[in-house]
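Residue numbers (our numbering), protein chains in the order written: chain A, 50 to 508; chain B, 65 to 127. Cβ atoms here follow ideal geometry from the backbone N, Cα and C, with glycine treated the same way. Since the structure is predicted, the reported quantities are computational estimates derived from the model, not experimental observations. Comments concern the structure below.
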Amino acid sequence: MSQSASSFAPLPPASLPRAEGRLSHEDILRAEDRRKVLKERTARHWFRLLWLLTGPGVLVMLGENDGPSMVSYATTGATYGVGFFVPFILLTFLMAFAVQEMTVRLGAATHRGHAELIFERFGPFWGYFAMGDLVFGNVLTLVTEFIAIQAGGLYFGVPAVVSVAIGVALVVASLAFRRYATWERTVMALAVFNLLFIPAALFAHPDGAALVHAIGTWSPLKGGVTAAFVTLILANIGATVTPWMIFFQQSAVVDKGLTTADLGEGRLDTAIGAVLAAIAAIATLVAAAPLFENNVDVSKFASGADFATALQPYLGSVGATLFALGMIEAGVVAAMTISASSAYAMGETARKRHSLNLDFSQGWLFYGAAIASTVVAAAIVLIPGAPLLAMTLTVNVIATLLMAPALLLLLLLVNDREIMGAHANTWRANIVGGAIIVALVLVGAAYGVITVFPGILGQ
Amino acid sequence: MSYDSNLIDALEPSQLTAATEIPLPRRRLSRATTILLIALRVYIFIAVPIVGYAFVHALMAPQ
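If you want it as structure tokens, here you go:
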């Protein structure tokens with residue numbers, strides 16, 4: 050059973066190792082996964098095939114519905130209610146799909162991770178800049194994941210140190226599988242709990258007509274364009290498109306063993322993830338909307354736990370509990386995916402083995418990077434008096450700013466016909482990608498101008 | 065580790081770890097691309113400190 054002859058193979062390698070002695074344990078595990086895929090494809094069992102190939106897209110999208118993202122959506126709902134931001138969130142997920150689809154093609158066509166490709170094709174100068182952005186963004190984001198875990202725990206009366214320790218233990222335990230497929234399915238099972246925000250939103254008794262009106266008219270937008278509005282625009286964009294997603298999904302596609310024959314399923318996986326994540330994101334906004342309707346000031350909230358507590362009178366104890374549980378899930382799943390993204394990128398940069406199929410002895414740098422980044426982030430959260438909610442929103446703003454150069458490198462790679470062949474971007478995809486870069490730069494510039502010249506909006 | 069000798073045929077040759085360890089050749093960036101990359105780098109170096117300033121400013125603001 051061999052792969053389709055039409056499959057595209059990127060530049061070189063001229064002589065390929067088929068000798069048994071040069072096969073790695075990682076190759077054999079990946080080949081086992083691929084044999085199942087090829088069997089289902091041959092038998093035309095499309096649903097089973099989709100099930101086998103689903104994973105990176107769903108994980109990256111639900112993973113990005115993380116602690117800071119859910120706090121951003123809740124803050125948006127509490128500040129602006131159901132209105133302009135509902136269709137805006139849908140638009141950001143369309144953007145996310147357009148970006149992530151490119152990473153699926155890159156991974157499937159080249160079988161190499163994103164950091165690896167940047168270093169090899171553009172050299173170490175741009176490679177280290179890209180890695181610097183990734184590490185900076187990932188460390189900050191991981192900190193905020195533990196803020197979410199801690200906040201959710203506090204709602205249930207669990208001391209911060211205990212919930213953070215449990216979070217670290219879960220991340221480390223997920224790495225102990227030493228098998229990509231098991232890791233992926235375990236994290237996916239946890240990620241399903243992101244949908245807890247949907248029943249939480251139902252407890253807010255949302256007005257369906259108002260939701261439809263908001264989507265159709267991009268209104269109401271009470272208060273107009275203010276500094277807070279621009280910050281929330283950036284925070285909501287940073288809640289859906291961030292550099293770690295690019296690095297993670299491409300590496301996960303490679304680790305899972307997707308080929309160009311699987312692009313259709315890879316796109317569907319990403320689309321399913323985007324739809325689920327968009328629904329959960331809008332549900333979070335809707336669940337927090339009663340705070341807007343009742344003029345509750347959220348600017349003094351210290352963390353996501355304050356949202357759950359403040360929502361209790363409006364959602365009831367069950368609704369508020371679901372909200373707090375959702376916050377914990379958001380933090381745990383994102384901590385797992387973001388630490389994996391750091392580990393993949395670290396292995397690719399150091400040219401060491403990087404796979405969730407590795408044994409600890411072979412993948413000490415890979416697993417070490419994931420564990421070290423997790424422990425450092427967890428330790429920062431426990432610093433007394435840290436301004437947690439302010440940090441959470443700021444992290445998403447930084448993620449949005451870092452996205453523009455990351456996206457340019459992605460566009461350059463996905464247009465590189467020497468490595469992409471027939472799977473290079475079309476002109477339409479380039480227009481979409483270019484428009485996203487321009488939009489990110491403009492929104493970032495607007496934020497900068499408003500911050501430096503706060504009187505410019507007449508406030 | 066023992067395995068079926070046909071198993072590895074399930075992988076494309078370029079998927080094997082030994083194949084991916086061979087680096088791809090360096091690509092030459094055009095002047096326009098380099099300028100764009102530098103411009104976005106400058107943008108980051110300006111924008112991130114502004115976010116840091118806004119963060120600190122918000123913390124120092126009287127409650």
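Under the three-state reduction of DSSP, which class applies to residue i: helix, strand or coil?
i: residue 69 of chain B; result: coil
i: residue 305 of chain A; result: helix
i: residue 172 of chain A; result: coil
i: residue 407 of chain A; result: coil
i: residue 433 of chain A; result: coil
i: residue 339 of chain A; result: helix
i: residue 502 of chain A; result: coil
i: residue 92 of chain B; result: coil
i: residue 252 of chain A; result: coil
i: residue 226 of chain A; result: coil
i: residue 368 of chain A; result: helix
i: residue 77 of chain B; result: helix
i: residue 497 of chain A; result: helix
i: residue 474 of chain A; result: coil
i: residue 415 of chain A; result: helix
i: residue 269 of chain A; result: coil
i: residue 207 of chain A; result: coil
i: residue 72 of chain A; result: coil
i: residue 488 of chain A; result: helix
i: residue 193 of chain A; result: helix
i: residue 275 of chain A; result: coil
When the distance is taken between beta carbons, is residue j closer than 8 Å to residue i?
i: residue 106 of chain A; j: residue 358 of chain A; result: no
i: residue 408 of chain A; j: residue 94 of chain A; result: no
i: residue 285 of chain A; j: residue 121 of chain A; result: yes
i: residue 369 of chain A; j: residue 360 of chain A; result: yes
i: residue 292 of chain A; j: residue 465 of chain A; result: no
i: residue 3 of chain A; j: residue 474 of chain A; result: In the structure as shown, chain A begins at 50 and stops at 508. Residue 3 of chain A is therefore absent and cannot be evaluated.
i: residue 109 of chain A; j: residue 98 of chain A; result: no
i: residue 389 of chain A; j: residue 419 of chain A; result: yes
i: residue 451 of chain A; j: residue 186 of chain A; result: yes
i: residue 218 of chain A; j: residue 431 of chain A; result: no
i: residue 202 of chain A; j: residue 382 of chain A; result: no
i: residue 323 of chain A; j: residue 145 of chain A; result: yes
Would you mind working out which of the options sits nearest residue i, comparing C-alpha positions?
i: residue 116 of chain A; options: A:402, A:289 and A:143; result: A:289
i: residue 282 of chain A; options: A:501, A:250 and A:494; result: A:494
i: residue 232 of chain A; options: A:405, A:490 and A:467; result: A:405
i: residue 459 of chain A; options: A:149, A:440, A:102 and A:287; result: A:149
i: residue 85 of chain B; options: A:396, A:280 and A:219; result: A:396
i: residue 343 of chain A; options: A:87, A:91, A:205 and A:130; result: A:130
i: residue 49 of chain B; options: A:112, A:308 and A:138; result: A question about residue 49 of chain B goes unanswered here, because the residues of chain B that appear run from 65 up to 127.
i: residue 372 of chain A; options: A:165, A:207, A:252 and A:170; result: A:252
i: residue 509 of chain A; options: A:455, A:468 and A:497; result: The shown model of chain A, from 50 to 508, leaves out residue 509 of chain A, and the question about it has no answer.
i: residue 387 of chain A; options: A:255, A:226, A:80 and A:298; result: A:298
i: residue 91 of chain A; options: A:382, A:310 and A:327; result: A:310
i: residue 124 of chain A; options: A:339, A:492, A:488 and A:294; result: A:339
i: residue 96 of chain A; options: A:412, A:336, A:314 and A:468; result: A:314
i: residue 263 of chain A; options: A:147, A:152, A:472 and A:132; result: A:132
i: residue 446 of chain A; options: A:336, A:476, A:415 and A:497; result: A:497
i: residue 365 of chain A; options: A:376, A:336, A:349 and A:151; result: A:336
i: residue 188 of chain A; options: A:235, A:499, A:470 and A:423; result: A:423
i: residue 375 of chain A; options: A:184, A:197 and A:140; result: A:197
i: residue 477 of chain A; options: A:151, A:81, A:100 and A:400; result: A:151
i: residue 552 of chain A; options: A:441, A:453, A:492 and A:119; result: Any answer about residue 552 of chain A is impossible in this case: the structure gives chain A only from 50 up to 508.
i: residue 331 of chain A; options: A:436, A:259 and A:225; result: A:259
Where does the unbroken alpha helix (DSSP H) through residue i begin, and where does it stop?
i: residue 32 of chain A; result: This structure cannot settle anything about residue 32 of chain A, because the visible part of chain A is limited to 50 through 508.
i: residue 348 of chain A; result: Element bounds for residue 348 of chain A: n/a, residue is neither H nor E.
i: residue 242 of chain A; result: No alpha helix (DSSP H) contains residue 242 of chain A, which DSSP labels as neither H nor E.
i: residue 290 of chain A; result: Segment: none, residue 290 of chain A is in no alpha helix (DSSP H) and carries neither H nor E.
i: residue 112 of chain B; result: 95-124
i: residue 262 of chain A; result: 257-266
i: residue 94 of chain A; result: It is not in any alpha helix (DSSP H) - residue 94 of chain A carries neither H nor E in the DSSP assignment.
i: residue 113 of chain A; result: 105-113
i: residue 123 of chain A; result: 116-129
i: residue 467 of chain A; result: 466-469
i: residue 84 of chain B; result: 81-84
Verify the contact flag: residue i, CB atom, against every heavy atom of the ligand NAP, threshold strictly below 7 Å.
i: residue 338 of chain A; result: What this structure holds is no ligand at all, so the ligand NAP is not there to describe.
### Query
Quick one, which residues of the segment 110-121 of chain B are near chain A if we go by CB-CB under 9 Å, in chain order?
Per Cβ criterion, the list reads 110, 111, 112, 114, 115, 116, 117, 118, 119 and 121.
### Message
Which residues of the segment 82-102 of chain B have a Cβ closer than 7 Å to any Cβ of chain A? Give them in chain order.
### Response
For the segment 82-102 of chain B, which is checked against every Cβ of chain A, the residues closer than 7 Å are 82, 83, 84, 86, 87, 88, 89, 90, 91, 93, 97, 100 and 101.
### Task
With 7 Å as the limit, tell me which residues of the segment 71-83 of chain A have their beta carbon closer than that to any beta carbon of chain B; keep them in chain order.
Closer than 7 Å at the C-beta level to chain B, one finds these residues of the segment 71-83 of chain A: 71, 72, 73, 74, 75, 76, 77, 79, 80, 81 and 83.
### Message
Any C-beta of chain B within less than 7 Å: which residues of the segment 151-176 of chain A qualify?
### Response
Residues of the segment 151-176 of chain A with a Cβ closer than 7 Å to any Cβ of chain B, in chain order: 160, 161, 169, 170, 171, 172 and 175.
### Task
Mind checking the segment 429-450 of chain A against chain B and listing, in chain order, the residues whose C-beta falls within less than 8 Å of any C-beta there?
Against chain B - using a Cβ distance shorter than 8 Å - the residues of the segment 429-450 of chain A are 436, 439, 440, 443, 446, 447 and 450.
### Contact list for the segment 188-213 of chain A against chain B, Cβ threshold 7 Å
For the segment 188-213 of chain A, which is checked against every Cβ of chain B, not one residue is closer than 7 Å.
### Task
Check distances from the C-beta atoms of the segment 465-484 of chain A to those of chain B and list, in chain order, the residues that come in under 8 Å.
Listed in sequence order: 465, 467 and 468.
### Task
Can you give me, in chain order, the residues of the segment 297-321 of chain A that have a beta carbon less than 7 Å from any beta carbon in chain B?
Answer in chain order: 306 and 308.
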